[in-house]
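Participant: Before I ask anything, let me first share the structure, which is written out below as structure tokens.
In full-length UniProt numbering, the protein residues as written are 1 to 139.
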């Protein structure tokens, strides 16, 4: 079985990537709840997050923490919220969502439809902010 996320990992489907390592990928949600809504996935396809091997699971959370720091630097917010739902795509993933109000993480509300130029700019800004977080001497 190959999920849409596995196709993004393999390059079959394009994505607005914000961070990538050998084992993990972070990219903008194409139907975000807020600007800066990012998905973090393991490159190895596993349906249920709690079925991931312990080392990979912990590594994904460390990777997500770095991405969240980048998001917070681009989108000033009270917190970057975290959600793991896992019902829509059978590939473990973490939602990172800039929050100013608890309702910002309401998955039942209408999603945003942002123009491609805006998505490209958001992804570039978050990538740059992550680079500053991971390489502070370069800023």
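Note that beta-carbon positions come from the ideal geometry of N, C-alpha and C, so glycine has one too.
Please read these numbers as outputs of a predicted model, since none were measured by experiment.
Which same chain residues end up closer than 6 Å to residue 47 when comparing Cβ atoms and leaving out the 5 residues on each side of it in sequence?
Facilitator: Contacts found: 90.
Participant: Out of 97, 65, 81 and 33, which one is the CA nearest neighbour of residue 108?
Facilitator: The option with the nearest alpha carbon to residue 108 is 33.
Participant: Would you kindly report the start and end of the unbroken alpha helix (DSSP H) that includes residue 116?
Facilitator: Segment 116–134, the alpha helix (DSSP H) holding residue 116.
Participant: So, under 8 Å CB-CB, residue 66 and residue 134 are touching, yes? Tell me the CB distance rounded to an integer number of Å.
Facilitator: Confirmed, Cβ separation roughly 6 Å.
Participant: Is there a C-beta anywhere in chain C that falls below 7 Å from the one on residue 73?
Facilitator: Checking the listed chains, one finds no chain C in this structure; it contains a single protein chain.
Participant: According to DSSP, is residue 45 part of a helix, a strand, or is it coil?
Facilitator: If DSSP states are grouped into helix, strand and coil, residue 45 belongs with coil.
Participant: Need the endpoints of the beta strand (DSSP E) that residue 18 sits in, please.
Facilitator: Unbroken beta strand (DSSP E) run through residue 18: 17–20.
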